[in-house]
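Visitor: Residues 1 to 107 (the UniProt record's numbering) are what the sequence shown spells out, left to right.
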Amino acid sequence: MAITDSWLRSINGKPQEIMITKSDRDGLSVRVTPKGKVIFQFRYRWDGKGDRIDIGTYPATSLKDARDSVTSYRGELEQHRNPKIVKRVRKESALNAMTVEGHAPNS
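1) If you draw a straight line from the alpha carbon of S107 to that of K22, how long is it in whole angstroms?
2) Give the straight-line distance between the Cα atoms of F40 and I11, rounded to the nearest whole angstrom.
3) Given G27, which residues of its chain have a CB within under 8 Å of its CB, disregarding the five upstream and five downstream residues?
4) What do you reckon, is the C-beta of F40 under 7 Å from a heavy atom of the ligand NAD?
5) Smallest Cα separation from I20: which of I53, D5 and K37?
6) Could you tell me which residues DSSP puts in a beta bridge with T21?
7) Could you name the residues of the same chain whose beta carbon sits closer than 8 Å to that of P15, not counting the 5 residues immediately before and after it, in chain order?
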C-alpha cells in the first residue's frame with residue numbers, strides 16, 4: 001500500500017508499540033519509531049547488499065520532497081554511484097565551504 005499524506009498526518013507523533021516500516025514505491029519507505037517519530041528512508045541495493053539512507057523526518061520533510069530525493073538517489077544509482085557516499089561527500093563539501101567562509105578575511 002502506498003504512503004499517503006493523510007496516513008502520515010494520522011500516525012505522526014503517536015506512540016507505537018513497535019517500530020513500523022511501510023514501503024512506498026521506487027525504494028521509498030517510512031519508519032515510525034515507538035515514540036511516533038516518522039522517518040523517510042531510501043532503500044536500495046549496492047554491491048549485492050541492501051542499504052538505506054535517511055532522507056528526513058515528517059513533517060519537516062514532505063512526502064513530495066522525499067519522493068523527489070528518491071528520484072535523485074535513483075539517478076545516482078543509474079550512474080553507478082553509491083548514493084550514500086554521494087550524500088556524505090556533498091555534506092562534507094558544504095561544511096568545508098561554510099568553514100572557509102567563516103575564516104575568510106573581511107575585504
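By construction, the Cβ of each residue, glycine as well, lies at the ideal position given by its N, Cα and C atoms.
Since this is a predicted model, take the numbers as computed values, not measurements.
Guide: Taking the coordinates as given:
1) In this predicted model, S107 has a pLDDT of only 49, less than 50, meaning its place in the structure is not dependable; the value taken from the coordinates is given anyway. S107 and K22: Cα-Cα distance of roughly 53 Å.
2) Across the structure, F40 and I11 are spaced so that their CA atoms are roughly 13 Å apart.
3) F42, R43, Y44, V70, Y73 and R74
4) In the structure shown, the ligand NAD is absent, as is every other ligand, since no ligand is present at all.
5) K37
6) Secondary-structure assignment with DSSP links T21 through a beta bridge to R31.
7) Closer than 8 Å at Cβ, skipping near neighbours: P34, K35 and G36.
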